[in-house]
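*Asks:* First residue of the sequence shown? That's 0 in numbering that gives the first Met the number 0, and the numbers climb one at a time after it.
Structure incoming, see below.
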Amino acid sequence: MFIDFAEIYIKAGDGGDGAISFRREKYIPNGGPDGGDGGNGGNVVFKADTGLRTLMDFRYKRKYVAETGENGGKRNRSGKGGANFEVRVPVGTLVKEKDTVRILADISREGQEVIIARGGKGGAGNQHFATPTRQVPNFARSGSPGQEFTAILELKLIADVGLLGFPNVGKSTLLSVVSSARPKIANYHFTTLSPNLGVVALGEGGSFVIADIPGLIEGAHEGAGLGHNFLRHVERTRLLIHVIDIAETDGRDAISDFDVINRELELYNPELATRPQIIAANKIDALYEPEKLEKFKIEMEQRGYKVFEISAATKQGVDDLISYTYEQLKTLPEIVLFDQEQEIEVLYETDEPKFTVRRENESYVVEGSWVDKILGSVNFNDRESLQYFQRVMKNMGVIEALEKKGIEEGDTVKIGEIEFDFVP
């Protein structure tokens, strides 16, 4: 199993502020409050898309921010809600909050949608705060902030394409020239001791995952060489590129090699022998007997295989091979895995603390984005607005938090640019 990672910043939209407004109409000199509510902030929504195979797109775009809700308006007009921001991710993506490493979502089904970060709630306009004894509320409620955090995306990659063939036929070289993978390359058996993975990027966002898996030898189905490890990974691929050393540099016979490898596949799992194969006749740059290539092509094409003449070392013919492979993948269904993936418990992001209290010299400082929003909606020159602010501070636990820090009557409290003496 291969793991692809990406780190991104996510921010849901803030809620819009409620409006402070009063009716100003002809013949109605003392109109009541008519401030509308702020709109809710947009959510950041992840949606599973089977057309995506890797997290490559997240290497280039790392910031995902939903729209902020509009502020409320006059005449009881509510602000427009912020639009959701949809992020398409491959099926199988695991989303974690970076700081806590909590799992926020396991996106495992095509079309599945998960709200990863929730937008803030719009604030209430001053129309909601009118009472028989308070007919002119000169304050409104601010919108709450949307959730924001850095997320880690993990994707268990299943190779779409497996590179099949004996050791030293050029599989690792081919992988290195078609992707950013850098496998070890040397001229001895089992250079590749574990599967090497590469992502092949094509134009217009197309991509697929290709794996160079340890070379097979005769008897692999019985565990010879690295056989069992190899074959387990082959089971997960949708398409195989069978790489053949057409120059027969190790004194082998190309047709015989092809037959031996396919026999091992069938003995291990008969279904593998029916998996689509494309043949890459490699090392044509070292071919000194062209008749070998012609003989091989005639035989393979009679069996119904598509043969590409390539040189992984010089990249000759490689582009045509990759383009054809990509087009074939579009027509092939997903492979159902044989082993059941372990179920995980999904935990969802909880709200961060809305404020903090700290001691600074002889003062107590209350900080937080929520507090800043409240300050923006309070008129400290208006007695009723100030009373509203005091109630909010008490209801949200600010007073209790100050008392736990040891504040005493007369001590100074700082909230933003505002300072006042604490009165219990």
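Every residue gets a Cβ at the ideal spot worked out from N, C-alpha and C, and that includes glycine.
Touching or not, the stretch 260-267 and the stretch 295-310, by the rule of three or more beta carbon pairs under 8 Å?
*Replies:* no
*Asks:* Name the DSSP bridge partner or partners of GLN425?
*Replies:* Since the displayed the chain opens at 0 and closes at 423, residue 425 lies outside it and no answer follows.
*Asks:* Below 8 Å on the Cβ atoms is my contact criterion, and I expect LEU271 with ILE283 to pass it. Report the Cβ-Cβ distance as a whole number of Å.
*Replies:* Translated into positions along the sequence shown, residue 271 becomes position 272. Translated into positions along the sequence shown, residue 283 becomes position 284. About 27 Å; that fails the 8 Å criterion.
*Asks:* Leaving out the 5 sequence neighbours to the left and right, which residues in its chain are closer than 6 Å to LEU154 when beta-carbon positions are compared?
*Replies:* Along the sequence shown, one-based indexing puts residue 154 at 155. ASP3, LEU54, PRO89, GLY91 and THR92.
*Asks:* Which residues bound the beta strand (DSSP E) around SER171?
*Replies:* By one-based count along the sequence shown, residue 171 stands at place 172. Not the beta strand (DSSP E): SER171 falls in the alpha helix (DSSP H), residues 170-177.
*Asks:* For VAL422, does the count of other Cβ atoms within 10 angstroms reach 16, so buried, or fall short, so exposed?
*Replies:* Taking the sequence shown and counting its residues from 1, the one referred to as residue 422 is at position 423. Answer is exposed; the Cβ neighbour count stays below 16.
*Asks:* Please report how far the alpha carbon of VAL259 lies from the alpha carbon of PHE165, in whole angstroms.
*Replies:* Taking the sequence shown and counting its residues from 1, the one referred to as residue 259 is at position 260. Taking the sequence shown and counting its residues from 1, the one referred to as residue 165 is at position 166. So the alpha carbons of these two residues sit roughly 9 Å apart.
*Asks:* Does the stretch 123-139 come close enough to the stretch 32-49 to have 3 or more Cβ pairs within less than 8 Å?
*Replies:* yes
*Asks:* Residues in its own chain within less than 7 Å of THR324 by CB, not counting five upstream and five downstream?
*Replies:* On the sequence shown, position 325 is the one that residue 324 refers to. Excluding positions up to five away in sequence, the list reads VAL160, LEU238, ILE240 and ILE277.
*Asks:* Could you spell out where the alpha helix (DSSP H) holding ILE373 opens and where it closes?
*Replies:* The count along the sequence shown starts at 1 and reaches residue 373 at position 374. First-last of the alpha helix (DSSP H) with ILE373: 368-374.
*Asks:* Rounded to whole angstroms, how far is the Cβ of ILE9 from the Cβ of GLU147, which I believe are closer than 8 Å?
*Replies:* For the purposes of this step, residue 9 is taken as the residue at position 10 of the sequence shown. For the purposes of this step, residue 147 is taken as the residue at position 148 of the sequence shown. Rounded, the Cβ-Cβ distance is 6 Å, consistent with contact.
*Asks:* Determine the contact status of GLY81 and GLY118, defining contact as a CB-CB distance below 7 Å.
*Replies:* To locate residue 81, count along the sequence shown from 1; it is residue 82. To locate residue 118, count along the sequence shown from 1; it is residue 119. The answer is yes: Cβ separation under 7 Å.
*Asks:* Using a threshold of 7 Å, state whether the C-beta atoms of GLY38 and GLY145 are closer than that.
*Replies:* Reading the sequence shown from its first residue, position 39 is the one you call residue 38. Reading the sequence shown from its first residue, position 146 is the one you call residue 145. For GLY38 and GLY145, no; Cβs fall outside 7 Å.
*Asks:* Taking the C-alpha atoms as reference points, what is the distance between ARG382 and MET392?
*Replies:* Here residue 382 is taken as the residue at index 383 of the sequence shown, counted from 1. Here residue 392 is taken as the residue at index 393 of the sequence shown, counted from 1. If you take the alpha carbons of ARG382 and MET392, they lie about 15 Å apart.
*Asks:* Does VAL43 pass the burial test, meaning 16 or more other C-beta atoms within 10 Å, or should it be called exposed?
*Replies:* Here residue 43 refers to the residue found at position 44 when the sequence shown is read from its first residue. Its Cβ being crowded by 16 or more others within 10 Å, VAL43 is buried.
*Asks:* Below 8 Å on the Cβ atoms is my contact criterion, and I expect VAL365 with ILE398 to pass it. Report the Cβ-Cβ distance as a whole number of Å.
*Replies:* In the sequence shown, counting from the first residue as 1, residue 365 sits at position 366. In the sequence shown, counting from the first residue as 1, residue 398 sits at position 399. At roughly 10 Å, the Cβ-Cβ gap does not stay under 8 Å, so VAL365 and ILE398 are not in contact.
*Asks:* Specify, as a first and last residue, the run of the alpha helix (DSSP H) that TYR387 falls within.
*Replies:* In the sequence shown, residue 387 corresponds to position 388, counting from 1. That run of the alpha helix (DSSP H) goes 382-394.
*Asks:* Give the range of the beta strand (DSSP E) segment to which ASN195 is assigned.
*Replies:* Taking the sequence shown and counting its residues from 1, one reaches residue 195 at position 196. Per DSSP, ASN195 belongs to the beta strand (DSSP E) from 195-200.
*Asks:* Residues bridged to ASP13 by DSSP?
*Replies:* Locating residue 13 in the sequence shown gives position 14, counting from the first residue. DSSP output for ASP13 lists no bridge partner at all.
*Asks:* Give, in chain order, every unbroken run of the beta strand (DSSP E) that is at least 3 residues long and sits entirely within the stretch 24-48.
*Replies:* 43-47
*Asks:* Among SER368, GLY367, SER384 and TYR363, which has the Cα closest to the Cα of GLU402?
*Replies:* Along the sequence shown, read from residue 1 onward, the residue named residue 402 stands at position 403. If we check each option's Cα against that of GLU402, TYR363 comes out closest.
*Asks:* Which residue comes first and which comes last in the alpha helix (DSSP H) that contains GLU397?
*Replies:* As a position in the sequence shown, residue 397 is number 398, starting the count at 1. Here the sequence assigns Val to residue 397, which means Glu is not the residue at that position. Taken as a continuous stretch (DSSP letters only), the alpha helix (DSSP H) holding VAL397 covers 397-403.
*Asks:* So, for ASN70: in the same chain, excluding its five sequence neighbours on each side, which residues have a beta-carbon less than 7 Å away from its beta-carbon?
*Replies:* In the sequence shown, the residue the question calls residue 70 occupies position 71. Same-chain partners within the cutoff: GLY15, ASP16, ALA18, GLY37 and GLY78.
*Asks:* For the candidate residues LEU103, PHE45, LEU51 and GLY30, whose alpha-carbon lies nearest to that of PHE207?
*Replies:* As a working note, residue 207 is residue 208 in the sequence shown. PHE207 has its Cα closest to that of LEU51, out of LEU103, PHE45, LEU51 and GLY30.
*Asks:* On the three-state DSSP scale, how would you describe ARG358?
*Replies:* Here residue 358 corresponds to residue number 359 of the sequence shown, with the count starting at 1. Reduced to three states, the DSSP call for ARG358 is strand.
*Asks:* Quick check on the burial criterion: 16 or more other C-beta atoms within 10 angstroms. Buried or exposed for PHE419?
*Replies:* Start at 1 with the first residue of the sequence shown, and residue 419 comes out as number 420. Its Cβ having fewer than 16 others within 10 Å, PHE419 is exposed.
*Asks:* Under the assumption that ALA210 contacts VAL242 (Cβ atoms under 8 Å), give the Cβ distance between them as a whole number of angstroms.
*Replies:* On the sequence shown, residue 210 is found 211 positions in, with the first residue counted as 1. On the sequence shown, residue 242 is found 243 positions in, with the first residue counted as 1. With 8 Å as the limit, ALA210 and VAL242 do not qualify as a contact, their Cβ atoms being about 13 Å apart.
*Asks:* For ASP159, name the three-state secondary structure that DSSP assigns.
*Replies:* One-based indexing of the sequence shown puts residue 159 at position 160. Looking at ASP159 - three-state DSSP - the assignment turns out to be coil, as it is neither helix nor strand.
*Asks:* Find out if the Cβ-Cβ distance for the pair TYR63, PHE84 is shorter than 7 Å.
*Replies:* Counting from one through the sequence shown, the residue named residue 63 turns up at place 64. Counting from one through the sequence shown, the residue named residue 84 turns up at place 85. Cβ distance < 7 Å, so TYR63 and PHE84 count as in contact.
*Asks:* Considering only their Cβ atoms, is the gap separating ARG108 from LYS46 smaller than 7 Å?
*Replies:* The residue you call residue 46 lines up with position 47 of the sequence shown. The residue you call residue 108 lines up with position 109 of the sequence shown. Contact flag unset, no.
*Asks:* Considering just the uninterrupted stretch of the beta strand (DSSP E) at LYS314, what are its terminal residues?
*Replies:* Position 315 of the sequence shown holds residue 314. Run containing LYS314: none; DSSP gives neither H nor E here.
*Asks:* Pull up the DSSP beta-bridge partners for VAL100, would you.
*Replies:* Stepping through the sequence shown from its first residue, residue 100 is reached at position 101. Partner(s): none; VAL100 has no beta bridge.
*Asks:* Quick one: residues in its chain with C-beta nearer than 6 Å to the C-beta of ASP48, no 5 flanking neighbours on either side, listed in chain order?
*Replies:* Position 49 of the sequence shown, counted from the first residue, corresponds to residue 48. ARG87, listed in sequence order.
*Asks:* Out of THR355, SER368 and ASN281, which one is the CA nearest neighbour of VAL412?
*Replies:* Looking up residue 412 in the sequence shown gives position 413. Answer by Cα proximity: THR355.
*Asks:* So, for GLY40: in the same chain, excluding its five sequence neighbours on each side, which residues have a beta-carbon less than 6 Å away from its beta-carbon?
*Replies:* Walking along the sequence shown from the start, residue 40 turns up at place 41. For GLY40, where only same-chain residues beyond five positions count, the Cβ hits under 6 Å are ALA11, GLY12, ASP13, GLY14, THR67, GLY68, GLY81, GLY118, GLY119 and GLY145.
*Asks:* Which residue marks the beginning of the alpha helix (DSSP H) containing ASP258, and which one marks its end?
*Replies:* Locating residue 258 in the sequence shown gives position 259, counting from the first residue. It spans 253-267 - the alpha helix (DSSP H) in which ASP258 sits, taken as one unbroken run.
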